[in-house]
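Right, one structure below, let's go through it.
In full-length UniProt numbering, the protein residues as written are 1 to 191.
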């Protein structure tokens, strides 16, 4: 009888371990769908685009390690890759932050507004859009080195190509670019 009980307990244990391993694999596979900010290494950047609850909502949660960073927004001369040369920026403190990107209607112009932690705002005039073109949002960035820029949102507007066609041009064009970059290192002053 004792042997039967021991075999039953061991069999239950083996079956449960197998079920647990299966569930752990499913959790690891489904974790990015939750869109939860996970900071695996506090020396690296981490970002996640939060769940969209209505059309046009863009909200990210991100973590910054020690060191100077800034949040940048541009609406003109958005390249296919890399960063825009001009725009607006806000300094960022280390730690967790939330940024919301939205288009605000107003007469006579529309504005693109990035609100940081519900308090600080970057605001730029929205260029006239021919229509949406190529978009590349960052949904999940497990981690990134703190010394390289991290693009959260890149939208390049379509432009007229001639003969009644429009499309995203190969060179820089109007759109919306939101990114985090390291603060530039100040140059030493001349003696």
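Glycine is no exception: its CB is placed at the ideal position from the N, C-alpha and C atoms.
- Contact annotation, residue 77 with residue 85: C-beta distance approximately 6 Å; criterion of less than 8 Å satisfied.
- Note on geometry: alpha-carbon atoms of residue 4 and residue 28 lie some 36 Å from one another.
- By the criterion of at least three beta-carbon pairs nearer than 8 Å, the region 114 to 129 is not in contact with the region 142 to 150.
- Fewer than three Cβ pairs drawn from the region 16 to 24 and the region 107 to 121 lie within less than 8 Å of each other, which leaves the two stretches out of contact.
- Just so you know, the alpha carbons of residue 161 and residue 38 end up roughly 43 Å apart.
- 8 Å or more divides the Cβ of residue 71 from the Cβ of residue 45.
- In terms of Cβ geometry, residue 80 and residue 170 form a close pair [threshold 8 Å].
- Here the C-alpha atom of residue 167 lies approximately 18 Å from the C-alpha atom of residue 177.
- When the five nearest sequence neighbours on each side are left out, the beta carbons in the same chain lying within less than 7 Å of the beta carbon of residue 36 are those of 48, in order along the chain.
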